[in-house]
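Engineer:
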Amino acid sequence: ATPPLSTYLMTLVAGPYRSWYRSHDGIGLGIHCRAALADHLDRDADEIFGITAACFDRYHELFEVRYPFGKYDQVFVPEFNAGAMENPGCVTFRDEFVFRSAVTDAERTTRAMVIAHEMAHMWFGDLVTMAWWDDLWLNESFAEYMGYRVCAELTDTGRPGLAELAELSWLEFGLHRKDWGRVADQAPSKHPVAGNGSETAAAALADFDGISYAKGASVLKQLAAHLGDEVFFAGLRRHFERHRFGNAEFADLIEAWTEAGAVDLPGWAELWLRTSGLDTLTVEQRPDGAGSDATGGGVWLSRSSPDGARRPHTVRVAGFDAAGRQRLAEQVTLHGDAVSVVGAGAAGSVGPLALVVADSSDDSWAKIRFGVAGWSAVADLLPRIEAAPTRVVLYNAVRDAVRDAELDPDHALDLLLTALAAEPVGLVTAELLEFATDKLAGSYARPADRSGRRARIAGLAHRLLATAEPGSDAQLQAARAGIAAGDDTDWLCAWLAGQRLPNGLLLDAELRWALVTRLAALGALSAADIDTELARDESTAGMVHAARARAMRPDPAAKQAAWALLTEPGQRPAYELYATAEGFFEPGQPELTAAYLPRYFAELPATAAHRHGWALGAVILKSFPVAAASPSVLELAEDTVAEERVLEPAVRRALVDGTDSLRRAVRSLQRYGGL
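Going by my numbering, the sequence shown opens with residue 17, and the numbers climb by one from there.
(1) Quick one: residues in its chain with C-beta nearer than 7 Å to the C-beta of Pro208, no 5 flanking neighbours on either side, listed in chain order?
(2) Just to confirm the assignment, what range does the beta strand (DSSP E) spanning Thr298 have?
(3) On the criterion of 16 or more Cβ atoms from any shown chain inside 10 Å, does Gly305 qualify as buried, or is it exposed?
(4) Give me whichever residues DSSP pairs with His626 in a beta bridge.
(5) Select from Ala510, Thr505, Leu531 the residue whose C-alpha is nearest the C-alpha of Arg496.
(6) DSSP three-state label for Trp288, please.
(7) Can you grab the Cα-Cα spacing for the pair Leu16 / Ala338, in whole Å?
(8) Measuring straight from C-alpha to C-alpha, what distance separates Ser39 and Ser234?
(9) DSSP three-state label for Gly674, please.
(10) If the criterion is Cβ atoms closer than 8 Å, does the pair Pro170 and Ala182 meet it?
(11) Are Val373 and Leu317 close, meaning C-beta to C-beta below 8 Å?
(12) So what does DSSP say about Asp62, is it helix, strand or coil?
(13) Alpha carbon to alpha carbon, how far is Thr23 from Gly352?
(14) Grab me the residues of Ala565's own chain with a C-beta within less than 6 Å of its C-beta, minus the 5 sequence neighbours each way, in chain order.
(15) Going by beta-carbon coordinates alone, are Leu637 and Arg679 separated by less than 8 Å?
(16) Spatial neighbours of Asp323 within its chain, please: C-beta separation below 7 Å, excluding the five flanking residues on both sides.
(17) CB Gly340 to CB Arg400, shorter than 8 Å?
(18) Closer than 7 Å: is that where the CB of Ala595 sits relative to any heavy atom of the ligand SAM?
(19) Name the one or two DSSP bridge partners that Tyr88 has.
(20) Compare the Cα-Cα distances from Gly232 to each of Gly46, Phe189, Val130 and report the closest residue.
(21) Specify the secondary structure class of Glu346 as computed by DSSP and reduced to three states.
(22) By the three-class DSSP mapping on this structure, what secondary structure does Ala310 have?
(23) Just checking, does the region 145-162 make contact with the region 85-92 on the three C-beta pairs under 8 Å criterion?
(24) Rounded to the nearest angstrom, how far is the Cβ of Val315 from that of Val247, given a contact under 8 Å?
(25) Thinking C-alpha only, which one of Ala17, Gly44, Ser228, Asp111 is nearest Asp60?
(26) Helix, strand or coil: how does DSSP classify Arg569 here?
(27) Answer with buried or exposed for Asp309, where buried requires no fewer than 16 other C-beta atoms within 10 angstroms of its C-beta.
(28) So for Asn263, helix, strand or coil by DSSP?
(29) To which residues of the same chain is Gly251 closer than 6 Å at the C-beta, ignoring the five residues directly before and after it?
(30) On a Cα-Cα basis, can you pick out the residue from Val119, Asp420, Glu77, Gly604 that is closest to Arg683?
(31) For Gly141, which of helix, strand or coil comes out of DSSP?
(32) Quick check on DSSP: helix, strand or coil for His207?
(33) Helix, strand or coil for Met146, going by three-state DSSP, please let me know.
(34) Is it the case that the region 547-555 contacts the region 587-596, given that we only count it when at least three CB pairs across the two stretches are under 8 Å?
(35) How far does the beta strand (DSSP E) with Phe115 in it extend, from its first residue to its last?
(36) Taking the C-alpha atoms as reference points, what is the distance between Gly255 and Val107?
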């Protein structure tokens with residue numbers, strides 16, 4: 017008889033799969049994909065096996081509990097609703113992780129993290145399973161934290177290609193995952209990390225979000241630093257041994273940590289895990305006499321909280337002079353509302369500082385602001401700051417401030433384009449240029465301003481492209497950014513025809529689809545052109561790209577067909593629906609899509625009659641007309657949310673969160689765009 021498994025962890029995978037096998041430390045390893053993708057996976061098999069083996073070694077070292085499920089298969093499957101699933105011994109991944117085209121190190125880092133994340137679930141979730149869904153975070157926050165932590169430690173393994181992934185791991189977490197979580201933690205649907213009281217599995221499913229993943233992982237990162245690795249992992253080992261092949265609750269884990277030496281953990285957990293919302297940390301240099309107590313002056317770290325909770329923050333504080341040189345580096349713990357930065361003393365002790373940055377190592381969970389120094393100092397110094405984590409903190413502060421209507425999106429665009437012209441980390445450049453295109457030149461811009469802002473973004477992308485090394489990450493990222501922001505159909509069509517391509521840039525399947533999608537949105541391709549492109553690439557990914565391109569075409573018949581897919585019963589795979597949803601309210605087509613705005617709020621909620629699970633809420637949220645930001649559309653949205661009718665939890669949450677995003681865009685446009 018085998019040990020028991022939780023019922024939700026059962027899976028069956030069958031089909032014409034190709035397989036690769038290895039073994040490591042007595043564990044049989046397998047990776048599998050559809051035969052049509054075999055050549056692509058074959059190129060990456062050594063890397064995937066290498067990451068898997070290195071992760072097993074590290075988890076065994078940290079947990080001191082061996083992997084408990086025999087062999088370990090990883091299967092890349094089509095039309096999978098989630099990114100991956102931690103079935104014991106048979107992990108399933110969306111087969112988009114089988115890279116068919118050129119990818120960046122950032123994308124390889126994401127795949128490595130997902131591999132490490134799912135493997136962490138073999139202990140968190142599979143060996144010890146939460147008793148009920150209100151402890152969902154015991155699965156996802158731990159797997160998220162351990163996945164990034166272990167990926168960041170994949171150095172000196174002797175396996176080629178892993179060291180560069182390790183260097184990007186925490187940067188990707190800070191820039192991408194934490195931003196996702198911060199948005200969720202400020203939305204009306206925000207919830208505590210732990211103990212959300214989900215009465216049904218369907219309600220719990222809605223909490224697979226940036227709070228359960230990114231915020232929970234950030235909090236655990238702080239906890240590990242607070243307890244120290246010895247106590248942190250000793251408690252986990254007790255937990256695994258005590259509850260192996262069974263269920264446990266959060267209180268059981270607290271008990272294990274307390275037995276291992278943790279002090280006052282329930283109080284810490286109450287503040288960080290059972291409250292919701294995002295504190296704001298501000299650090300600034302004050303002149304003598306301006307301090308908040310008798311010591312006066314110096315560098316002060318202060319906090320504001322949306323709920324009055326005094327969550328403790330242990331952060332590093334960095335201060336920079338006018339030349340961008342770091343003159344201050346101190347670690348400080350904030351328990352109250354303000355604290356003098358230890359070691360800084362009076363203002364004269366470190367000299368005048370042009371900018372002081374709270375949480376300069378990106379360790380805490382908070383919004384960051386800059387007091388009297390303001391955004392001019394950030395704009396001036398950001399390109400000259402050497403530490404990549406500090407730059408990530410500043411970039412995230414810019415995004416937060418735009419969403420809070422504290423920073424003019426046009427000024428934010430200038431700031432980002434100036435900084436990104438000198439940004440040495442391609443992952444950072446790609447993420448921020450995407451934000452600039454989607455938000456600063458999209459929903460946070462008046463329709464009349466969008467073309468001009470896109471031109472500025474495309475201009476930087478072309479300058480970066482001209483200086484990038486052939487075949488490099490930087491070249492691919494600049495090409496993608498230029499395509500996404502580009503309005504020059506002659507140039508885009510030339511590239512699609514294989515003409516005028518920079519040396520080293522390969523026109524592969526994914527780059528072709530990027531060109532097709534943008535040209536379709538600009539009205540330069542017909543439905544027949546998209547069908548021709550799909551005939552070149554009849555893969556699952558090709559079908560998704562084609563669905564997005566069709567929905568983006570500025571043609572009444574194309575919009576009508578896309579609307580039918582979004583609102584009527586059908587059998588299309590979820591990711592084709594998602595792509596259609598994302599492409600429908602194209603920012604450059606306000607007149608064409610205006611008639612669909614009232615229909616969206618009248619018809620999309622009714623799709624609960626024939627659509628279920630993740631797809632129900634995802635289609636509604638992904639198609640939410642944020643690009644049509646205006647007071648009248650906001651009124652439609654708020655009236656819909658306020659209606660006294662029963663809505664499925666996924667529908668209500670999607671409408672509430674979409675309305676919040678719309679409200680933020682309207683507020684910004686009213687303040688800075690003359691709306």
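Glycine included, each C-beta is placed from N, C-alpha and C at the ideal position.
Structural biologist: On the basis of the data shown:
(1) Leu289, Arg290, Thr291, Ser292
(2) 295-302
(3) Here the model assigns Gly305 a pLDDT of 46, short of 50, so the residue's position is not dependable and the matter cannot be decided.
(4) Its beta-bridge partners do not exist; DSSP assigns none.
(5) Leu531
(6) helix
(7) Lying before the first or after the last residue shown, residue 16 is absent from the chain, which here runs from 17 to 691.
(8) 33 Å
(9) helix
(10) It is Leu, not Pro, that sits at residue 170 in the sequence shown. Yes, these two residues count as a Cβ contact at 8 Å.
(11) no
(12) helix
(13) 45 Å
(14) Val532, Thr533, Ala536, Ile546
(15) no
(16) Thr291, Gly293
(17) yes
(18) This structure lacks the ligand SAM, and indeed carries no ligand of any kind.
(19) Leu45
(20) Phe189
(21) strand
(22) In this predicted model, Ala310 has a pLDDT of only 35, less than 50, meaning its place in the structure is not dependable enough to derive any value.
(23) no
(24) At roughly 31 Å, the Cβ-Cβ gap does not stay under 8 Å, so Val315 and Val247 are not in contact.
(25) Asp111
(26) coil
(27) For Asp309, the pLDDT reaches just 42, beneath the cut-off of 50, and the residue's location in the model is therefore unreliable, although a value from the coordinates is still provided. Exposed, by the Cβ-count rule.
(28) strand
(29) Ala272, Trp273, Ala276
(30) Asp420
(31) coil
(32) coil
(33) strand
(34) no
(35) Careful: Phe115 lies outside any beta strand (DSSP E) and carries neither H nor E.
(36) Here residue 255 turns out to be His, not Gly, going by the sequence shown. Approximately 23 Å between the Cα atoms of the pair.
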